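Report on one structure; see the data block that follows.
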Amino acid sequence: MSEPAASPTTIPAPRGEPIVRARALSRRYGSTVALDEVDLDIHARELCVIFGLSGSGKSTFLRHCNGLQTPSSGSLQVFGIDPATATRRELRGLRQRVGFVFQHFGLVGRLTALGNVLSGGLGRLRGPRYDVSSYPQSMRREALQQLDRVGLADRAFQRADTLSGGQQQRVAIARTLFQRAELVLADEPVASLDPETSEQVMGMLLSICAEDGLTVLCSLHQVDLALGWADRMVGLRDGRVVLDQPARALTSQQAMRVYQRSQHEPDEQSAGWAAVETDAASSPRPRMGDVASEHA
Ligand SMILES: Nc1ncnc2c1ncn2[C@@H]1O[C@H](COP(=O)(O)OP(=O)(O)OP(=O)(O)O)[C@@H](O)[C@H]1O
Ligand SMILES: [Mg+2]
107 MSEPAASPTT
117 IPAPRGEPIV
127 RARALSRRYG
137 STVALDEVDL
147 DIHARELCVI
157 FGLSGSGKST
167 FLRHCNGLQT
177 PSSGSLQVFG
187 IDPATATRRE
197 LRGLRQRVGF
207 VFQHFGLVGR
217 LTALGNVLSG
227 GLGRLRGPRY
237 DVSSYPQSMR
247 REALQQLDRV
257 GLADRAFQRA
267 DTLSGGQQQR
277 VAIARTLFQR
287 AELVLADEPV
297 ASLDPETSEQ
307 VMGMLLSICA
317 EDGLTVLCSL
327 HQVDLALGWA
337 DRMVGLRDGR
347 VVLDQPARAL
357 TSQQAMRVYQ
367 RSQHEPDEQS
377 AGWAAVETDA
387 ASSPRPRMGD
397 VASEHA
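Okay, so the sequence shown: first residue is 107 according to the working numbering, each after it adds one.
Okay, here's the thing in structure tokens:
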């Protein structure tokens with residue numbers, strides 16, 4: 107079995123350089139505008155939560171960040187690479203630097219917890235691996251360490267589909283850490299978990315990422331939970347950024363306004379938003395206003 111290939115050069119983004127840079131990013135599906143002229147920079151080591159009503163474009167934005175979707179117009183760069191125009195090699199390199207934590211965990215049920223974590227290291231190896239014993243010992247040791255960090259060392263050899271939801275998500279987090287991802291995208295990572303487990307898993311995800319200096323972009327509906335952990339809150343509505351603020355500068359009540367449904371008919375929705383915006387009068391669609399971008 108071949109030894110691990112040299113990891114691709116991972117040059118940390120220079121301080122101040124955004125890791126994700128979206129400019130007028132729009133994505134349409136037929137007549138649906140999922141993202142509408144989004145301008146957003148995510149900086150290194152930020153813990154950024156993206157939130158908003160169902161259908162506001164959160165998952166679509168996250169999927170653009172690892173090249174699973176491409177823009178209809180505008181541009182996006184992740185680690186200086188545009189996933190839409192990247193070569194296959196660049197895209198492979200990019201996906202190694204970007205981890206994805208899914209709502210439904212995305213584990214292989216028949217594999218053990220350790221097998222799933224190890225699969226996060228496949229990008230570092232040449233050729234396939236069929237079971238835990240086919241990975242180099244150094245990798246097995248490292249994978250166990252990551253399982254230990256999420257409190258699951260004692261579950262290493264348990265099949266993933268027999269673990270509880272919270273345990274499965276912790277395995278998925280360990281897999282992302284083992285992948286050595288620098289940018290962690292998490293799409294409603296605790297939406298399938300009870301409140302107490304959600305708190306525990308979110309706390310674990312964000313504290314470990316902060317400890318490792320990783321950048322996190324996480325979609326989340328639990329605003330209070332997000333306010334407790336995030337550095338920055340980005341609110342989306344109808345595919346537009348309508349709020350962008352440091353979490354510490356935001357109250358739960360202010361954040362919840364992103365979720366306010368208009369009391370008006372659909373063609374009067376912008377009037378509903380006039381209550382939130384400072385400059386809504388000139389805008390036919392919701393835009394960032396009331397809680398202006400103070401993000402430094
Ligand atoms: N592949 C697709 N084909 C057609 N429409 C799509 C596709 N992906 C997303 N959409 C539409 O784009 C809009 C935004 O979807 P998205 O999944 O990004 O929302 P979301 O904010 O993640 O919602 P939720 O909170 O329910 O997960 C929705 O109207 C959705 O139906
Ligand atoms: Mg979604």
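Even for Gly, the Cβ is constructed at its ideal location relative to N, Cα and C.
If you're wondering where the values come from, they're calculated on a predicted model, not measured in any experiment.
Using the rule of at least 16 other Cβ atoms within 10 Å of the residue's Cβ for burial, across every protein chain shown, is Asp373 buried or exposed? With a pLDDT of only 41 at Asp373, under the threshold of 50, the placement of this residue in the model should not be trusted; the figure read from the coordinates follows. That one is exposed.
Assign Asp142 to one of two classes, buried (16 or more other C-beta atoms within 10 Å of its C-beta) or exposed (fewer than that). The residue in question, Asp142, is buried, as its Cβ has 16 or more Cβ neighbours within 10 Å.
C-beta contact flag for Ala316 and Leu153 at 8 Å: Against a cut-off of 8 Å, the Cβ pair of Leu153 and Ala316 comes out as a contact.
Candidates Arg194, Val329, Gly345, of which the one nearest Arg338 by Cα: Ranked by Cα distance from Arg338, the first of Arg194, Val329, Gly345 is Val329.
Give the DSSP-derived three-state secondary structure of Phe206 in the structure shown. DSSP, reduced to helix, strand and coil, places Phe206 within a strand of the structure shown.
Buried or exposed: which applies to Thr321, given that a residue is buried once 16 or more other Cβ atoms fall within 10 Å of its Cβ? The residue in question, Thr321, is buried, as its Cβ has 16 or more Cβ neighbours within 10 Å.
Where Glu302 falls, given that 16 or more other Cβ within 10 Å makes a residue buried: Its Cβ having fewer than 16 others within 10 Å, Glu302 is exposed.
So which residues put a beta carbon under 7 Å from any heavy atom of ligand 2, going in chain order? Here the residues come out as Lys164, Ser165, Asp293, Glu294, Ser325.
Run the proximity test for Thr138: is its beta-carbon closer than 7 Å to any non-hydrogen atom belonging to ligand 1? Thr138 Cβ: within cutoff of ligand 1.
Taking the alpha carbon of Ala407 as the reference point, which residue from Gly319, Gln264, Glu305 has its own alpha carbon closest? Residue 407 is absent from the structure shown; the chain starts at 107 and stops at 402.
Kindly identify the DSSP beta-bridge partner or partners of Tyr135. DSSP lists Thr138 as the bridge partner or partners of Tyr135.
Could you compute how far the alpha carbon of His170 sits from the alpha carbon of Leu326? Using only the alpha carbons, I get a separation of about 17 Å.
Environment of Glu371 [buried if 16+ CB atoms lie within 10 Å]: Confidence at Glu371 is low in this model, with a pLDDT of 38, below 50, so its placement is unreliable and the value that follows should be read with caution. Exposed.
Please confirm if the region 234-254 is in contact with the region 275-286, defined as three or more CB-CB distances below 8 Å between the two stretches. These segments touch.
Check whether the Cβ of Ser132 lies closer than 7 Å to any heavy atom of ligand 1, and answer yes or no. Of the heavy atoms belonging to ligand 1, none sits nearer than 7 Å to the Cβ of Ser132.
Distance, Leu146 Cα to Gly186 Cα: CA-to-CA, the gap between Gly186 and Leu146 works out to about 14 Å.
Nearest to Ala130 (by Cα), restricted to the options Leu356, Gln359, Arg346: When each option's Cα is compared against that of Ala130, the closest is Arg346.
Separation of Thr138 from Gln366, as counted between CA atoms: Roughly 20 Å between the two C-alpha positions.
7 Å CB neighbourhood of Asn222 in its chain, flanking five on each side removed: So the qualifying residues of the chain are Leu213, Val214, Ala266, Val277, Arg281.
Leaving out the 5 sequence neighbours to the left and right, which residues in its chain are closer than 6 Å to Gly227 when beta-carbon positions are compared? Excluding five sequence positions before and after Gly227, the CB atoms of its chain that fall closer than 6 Å to its own CB belong to Met245, Phe284, given in chain order.
Looking only at its chain, what residues have a beta carbon closer than 6 Å to the beta carbon of Ala140, apart from the 5 residues adjacent to it on each side? Within the same chain, and ignoring the five residues on either side of Ala140 in sequence, the residues whose Cβ sits closer than 6 Å to its Cβ are Arg133, Gly163, Thr166, Gly345.
Gly212 Cβ short of 7 Å to ligand 1 heavy atom set: The answer is no for Gly212.
Quick one: using the 10 Å Cβ neighbour count with 16 as the cut-off for buried, is Ala381 buried or exposed? The predicted position of Ala381 is uncertain, since its pLDDT is 33 and thus under 50; no value can be drawn from it.
Could you check whether Ala353 and Leu323 sit closer than 8 Å to each other, using their CB atoms as the reference points? No, the Cβ-Cβ distance between Leu323 and Ala353 is not below 8 Å.
Any heavy atom of ligand 1 within a distance shorter than 7 Å of the CB on Tyr135? True, at least one ligand heavy atom lies under 7 Å from that Cβ.
Reduced DSSP category for Gly341 - H, G, I as helix; E, B as strand; rest coil: Three-state result, Gly341: strand.
For the alpha helix (DSSP H) containing Gly161, name the first residue and the last one. From DSSP, Gly161 is part of no alpha helix (DSSP H); its letter is neither H nor E.
Would you list the residues sitting across from Ala128 in a DSSP beta bridge? For Ala128, which the question treats as bridged, DSSP gives the partners Leu146, Leu182.
Straight-line Cα distance separating Gln264 from Val307: Going from the Cα of Val307 to the Cα of Gln264 covers about 19 Å.
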